[in-house]
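K.L.:
I am attaching a structure below and will ask some questions about it afterwards.
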């Protein structure tokens with residue numbers, strides 16, 4: 024059985040949102056697992072590799088980062104991620120939204136059945152920044168959890184989402200959620216985890232995503248507080264009405 028299963032669409036999503044939590048659970052003797060739905064082929068290369076080499080490079084970056092965080096169970100799928108219509112030299116692509124829903128759902132359910140997690144963590148319904156791959160991942164993970172928990176002996180205790188301290192509007196690109204929808208789907212934190220002594224490991228993990236250094240710096244500039252304190256929303260079972268957010272050692 025796994026203590027924490029994190030499901031994200033791209034390499035680097037894991038370190039941004041839950042690097043310290045993953046390290047804390049693993050260091051405490053817990054079992055952690057990560058499922059990534061793409062290899063991040065749409066990311067930038069920063070001249071560190073060719074466009075053709077990028078998926079393999081990003082997978083290596085991911086595995087190196089997760090080794091730092093103590094995650095041994097890593098599954099990487101090879102779906103195409105979202106490609107914006109910008110200057111990166113790729114044709115625009117809707118990403119995970121173009122993958123047959125049943126195919127993605129079956130893959131997520133299969134990972135849930137194999138790892139038998141106590142806690143599942145993923146993106147919130149607004150994708151944190153409206154990114155279409157984040158939004159698709161959130162919706163399908165919720166559906167997979169609902170399917171698995173209908174069966175006896177599943178062992179799942181809770182579903183959590185990443186939760187920014189305040190509603191954040193991402194870049195207004197085709198396919199991204201619009202500002203009004205971002206705010207409508209926003210869910211506030213119910214639980215906080217201090218990075219504490221695990222901040223160094225989180226930063227080291229982020230450093231392994233060399234091709235995405237600009238994204239790392241953007242994250243640090245926009246949400247520096249999330250380096251020190253990681254915040255989450257418990258989606259299932261929901262917290263009691265009026266219950267105050269609290270700081271915990273682990274989810």
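Residue numbers (our numbering): 24 to 274.
Glycine included, each C-beta is placed from N, C-alpha and C at the ideal position.
Spatial neighbours of residue 39 within its chain, please: CB distance less than 6 Å, with the 5 preceding and 5 following residues excluded, ordered by chain position.
P.N.:
Locating residue 39 in the chain shown gives position 16, counting from the first residue. Answer for residue 39: 242, listed in chain order.
K.L.:
With a floor of 4 residues, list each alpha helix (DSSP H) that falls wholly inside the region 203-252, ordered by position along the chain.
P.N.:
222-230, 236-245, 248-251, all fully within the region 203-252.
K.L.:
Just curious, the beta strand (DSSP E) that residue 60 is in, first and last residue?
P.N.:
By 1-based counting over the chain shown, the position of residue 60 is 37. 55-61 is the span of the beta strand (DSSP E), which, as asked, contains residue 60.
K.L.:
To the nearest angstrom, how far is it from the Cα of residue 263 to the Cα of residue 182?
P.N.:
As a first step, residue 263 must be located in the chain shown, where it is residue number 240. As a first step, residue 182 must be located in the chain shown, where it is residue number 159. C-alpha separation (whole angstroms): 15 Å.
K.L.:
What does a CB cutoff of less than 7 Å around residue 159 pick up in its chain, not counting 5 residues either side in sequence?
P.N.:
Here residue 159 refers to the residue found at position 136 of the chain shown. Cβ within range, chain order: 119, 120.
K.L.:
When you compare only the Cα positions, how much space is there between residue 244 and residue 232?
P.N.:
Position 221 of the chain shown, counted from the start, is the residue given in the question as residue 244. Position 209 of the chain shown, counted from the start, is the residue given in the question as residue 232. Roughly 17 Å separates the two Cα atoms.
K.L.:
From residue 254 to residue 82, what does the alpha carbon distance come to, in whole angstroms?
P.N.:
Locating residue 254 in the chain shown gives position 231, counting from the first residue. Locating residue 82 in the chain shown gives position 59, counting from the first residue. Taking the straight line joining both Cα atoms gives about 26 Å.
K.L.:
Measure the Cβ-Cβ separation of residue 143 and residue 85 and say whether it is below 8 Å.
P.N.:
Residue numbering aside, residue 143 sits at position 120 when the chain shown is read from its first letter. Residue numbering aside, residue 85 sits at position 62 when the chain shown is read from its first letter. Cβ distance not < 8 Å, so residue 143 and residue 85 don't count as in contact.
K.L.:
Do you know offhand how far residue 93's Cα is from residue 49's?
P.N.:
The sequence position of residue 93 within the chain shown is 70, counting from 1. The sequence position of residue 49 within the chain shown is 26, counting from 1. When rounded, the distance between both Cα atoms is 5 Å.
K.L.:
So if DSSP puts residue 89 in a beta bridge, which residue, or which two residues, is it bridged to?
P.N.:
Translated into the one-based positions of the chain shown, residue 89 becomes position 66. According to DSSP, which records beta bridges pairwise, residue 89 is partnered with nothing at all.
K.L.:
Just to confirm before moving on: does the CB-CB distance between residue 104 and residue 63 stay below 8 Å?
P.N.:
Locating residue 104 in the chain shown gives position 81, where the first residue counts as 1. Locating residue 63 in the chain shown gives position 40, where the first residue counts as 1. Contact flag set, yes.
K.L.:
At what residues does the beta strand (DSSP E) containing residue 101 begin and finish?
P.N.:
Residue numbering aside, residue 101 sits at position 78 when the chain shown is read from its first letter. Per DSSP, residue 101 belongs to the beta strand (DSSP E) from 96-102.
K.L.:
With DSSP as the reference, label residue 199 as helix, strand or coil.
P.N.:
Position 176 of the chain shown, counting from 1, holds the residue named residue 199. Correct three-state label for residue 199: coil.
K.L.:
Grab me the residues of residue 108's own chain with a C-beta within less than 6 Å of its C-beta, minus the 5 sequence neighbours each way, in chain order.
P.N.:
Numbered from its first residue, the chain shown carries residue 108 at position 85. Excluding positions up to five away in sequence, the list reads 115.
K.L.:
Look up residue 183 in the DSSP assignment and give the residues it is bridged to.
P.N.:
Taking the chain shown and counting its residues from 1, one reaches residue 183 at position 160. 144, 257.
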